[in-house]
Every structure is written in structure tokens, then in C-alpha cells.
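So the protein lines, in turn, are chains H and F.
Mapped onto my numbering, the consecutive letters of the first sequence carry residue numbers 839 to 957.
Mapped onto my numbering, the consecutive letters of the second sequence carry residue numbers 839 to 957.
For each residue, glycine too, the CB sits at the ideal point set by N, CA and C.
What follows is a single structure, written as C-alpha cells, with notes after it.
2 protein chains.
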Amino acid sequence: MTTTFGSFVRAKREKLRKQDSSFSLRRVAARIGVEPSYLSKIERGDHKAYLTEEKIRLLATELGEDPDVLLALSGKISKDVQEIIRRRPELFAQLIRDLKKMPDHAVLRIAREVRDGKW
Amino acid sequence: MTTTFGSFVRAKREKLRKQDSSFSLRRVAARIGVEPSYLSKIERGDHKAYLTEEKIRLLATELGEDPDVLLALSGKISKDVQEIIRRRPELFAQLIRDLKKMPDHAVLRIAREVRDGKW
DNA sequence: CATAGTATGTAGTATATAGTACACATAGAA
DNA sequence: TTCTATGTGTACTATATACTACATACTATG
Numbered sequence: 839m840t841t842t843f844g845s846f847v848r849a850k851r852e853k854l855r856k857q858d859s860s861f862s863l864r865r866v867a868a869r870i871g872v873e874p875s876y877l878s879k880i881e882r883g884d885h886k887a888y889l890t891e892e893k894i895r896l897l898a899t900e901l902g903e904d905p906d907v908l909l910a911l912s913g914k915i916s917k918d919v920q921e922i923i924r925r926r927p928e929l930f931a932q933l934i935r936d937l938k939k940m941p942d943h944a945v946l947r948i949a950r951e952v953r954d955g956k957w
Numbered sequence: 839m840t841t842t843f844g845s846f847v848r849a850k851r852e853k854l855r856k857q858d859s860s861f862s863l864r865r866v867a868a869r870i871g872v873e874p875s876y877l878s879k880i881e882r883g884d885h886k887a888y889l890t891e892e893k894i895r896l897l898a899t900e901l902g903e904d905p906d907v908l909l910a911l912s913g914k915i916s917k918d919v920q921e922i923i924r925r926r927p928e929l930f931a932q933l934i935r936d937l938k939k940m941p942d943h944a945v946l947r948i949a950r951e952v953r954d955g956k957w
């Protein structure tokens, strides 16, 4: 069950299509601004077909999915996140490596405390 | 004083060269495995010249600099850090955005507590 | 059954990324 | 002075990324 960007998008689009016929490949392609043949390639996992961050964000909005998740499935990290790390690389690169082995709930706890202004 | 990848590398290399003549552009280029003309372009900031992460790491080792800093100056994020974020994108992308406005000492404190196994 | 809409295959394009190869002019050391 | 090493300019290359354009075949519906 290796979820790829393509299979993930196709599955979600087909699901939405059951309720709403405007979720055909052609119509969705038009809404995000690419040719249908290209979205077709992407959904089928053509290794020479990629979307830019901008189009992935539009697609995420269309499908009601988290843009960061779709970007990740496409092998990308959001530009704004990259920029934050690039500005303080020693600090962030090391912190992320340290957080690597922590379970989700621990990372979430840190995130919550950060948001609550506990620091 | 906009520090670019090129100016940073050139400055550090020239500094090392004062003590050790093996830090000529040609010799360093040979050690990291690129043509001297190419390293020359890079040090002068040619916008069509880039090094791969691998060569940037070799260069960082040569110059005694932090690889993450050199990568950042080249507009890149280490592949291992990208991979960590890609595996848990909702969690990490959001945490990094939340940490954006925090001062270094606060981020450092979190990093220290994470390393000390406080979580 | 006609036809509108749908997915897909093939070919081509533009720009970015990551270099090599080689000639050239100059500065330093023997 | 001769030779060696140095930095740089120019031209060329290959692959990745991010698409368009168009033809074709299928599918569903009025």
C-alpha cells in the first residue's frame, strides 16, 4: 500500500466525484490550471511528471487535503518552511534531527506548548 | 554585507590559503571533484552555477564550516532533514512555522530539553 | 445511435540544475 | 628567463523539472 502522490490524488478525486461530477480529471485539471493529459500522467505516477508547489496547493484546496501532506507525497517541503530553516540552519537542522526519534505525541506536546507561549 | 555562498566560500578559502598553499582554487576544486573553472564561477556568484549537496558537504569539510550553513547559503536544506519532515509533514511543518517567531535561545532551550530526553 | 464528455498516448518545448573541456592571460618560483 | 601554477572566459553537454498541444479511443447519456 505504498501511497504515492498520484494514487492518493486519484483516490480522493474519484471519491469526491461520486458526489459531484465536477471532479472529473478534466475539470479538476482546468481548475488548477494544467492540461488534462498532464494531470492524467501525474495521477498514474509518470516519473517525468511533477507539479509546482503552487499547483499542488491549488489541488490540495480542491480536494480538501492538507497542502503539506500533498507536498510531502510529491517529495517537496513548503517554501515557507524551507525559508524558516534556511534563516537559522544550525538551530533548526539540529532540532529537527533531534526530534526525529520522538513519538508524535511528544512532538505535539512541544508544538502545543510553543503555541501556548510557554517559552 | 549580503553574504552569498560564493563570497563566503572565497573568503574562507583565501583565509586558509594564507596558512596553507594547498587551498588554491584549483587544488580545492580537485579535492571536491569539480573543474576549477566551475568553482571559480561559483565563488564569483554565477547564477547558473550550483553545487550538489554532496559537493557542498565535501567543501564544508575542506573549509571546516557547518554543512547546514553552507547548504542554506546555497538555498538548500539537507536531504536527511527534508526526509524527516516529509515523513510527518503535518506535525513538523506546523511546528517549524510555530517556532518561526521564537528567539534563538528559546529554540535552543527546546533543543536542549529534547536532547536531554525530557520528553 | 449520435455526440458530448472523459481519460490517455505521443511528441514537443522551455528553463533550471550541474556540470566538463579547453584556451588564455597572468603571477611566482627556479 | 623559463616554466609552473593560478584564476577565469567561452562553449558545450546531460538530466531534471514543469509543462502544452493534439490525436485517439472509450464511455455514458439524451
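Kindly provide the ranges of any alpha helix (DSSP H) runs that are 4 or more residues long and lie completely inside the region 847 to 907 of chain F, ordered along the chain.
863 to 870, 874 to 881, 891 to 901
Might you give, ordered along the chain, the residues of its own chain that have their beta carbon closer than 7 Å to the beta carbon of H/Arg869, omitting 5 neighbours on each side?
Glu900
Does the beta-carbon distance from F/Leu819 to H/Val952 come in below 8 Å?
With chain F running from 839 to 957 in the structure shown, residue 819 of chain F is simply not present.
Tell me the rounded alpha-carbon separation between F/Phe930 and F/Leu908.
23 Å
Can you find the residues in the same chain that come closer than 6 Å, C-beta to C-beta, to F/Lys850, ignoring five residues on each side of it along the sequence?
Leu901
State the DSSP-derived secondary structure class of H/Arg925, mapped to helix, strand or coil.
helix
Quick one: list the residues of chain H neighbouring F/Ala792, beta-carbon separation under 7 Å, in chain order.
Coverage of chain F is limited to positions 839 through 957, which leaves residue 792 of chain F absent and any answer about it impossible.
Looking at chain H, is there any beta carbon in it that lies within less than 8 Å of the beta carbon of F/Lys850?
no
How about F/Phe843 and F/Ser912: do their beta carbons lie closer than 8 Å?
yes
Indicate the three-state DSSP secondary structure (helix, strand or coil) for H/Gly955 in the structure shown.
coil
How would you label H/Glu873, buried or exposed, when you count the other beta carbons within 10 angstroms and need 16 or more for buried?
exposed
Given a threshold of 16 other Cβ atoms within 10 Å of its Cβ, counted over all protein chains shown, does H/Pro941 qualify as buried or as exposed?
exposed
Do F/Ile948 and H/Ile923 have their C-beta atoms within less than 8 Å of each other?
no
Which residues of chain F have a Cβ atom closer than 7 Å to the Cβ of H/Val847, listed in chain order?
Here the premise fails: no neighbours, minimum Cβ distance about 15 Å.
Can you confirm whether F/Asp936, when its beta carbon is compared against all beta carbons of chain H, has any partner nearer than 8 Å?
yes
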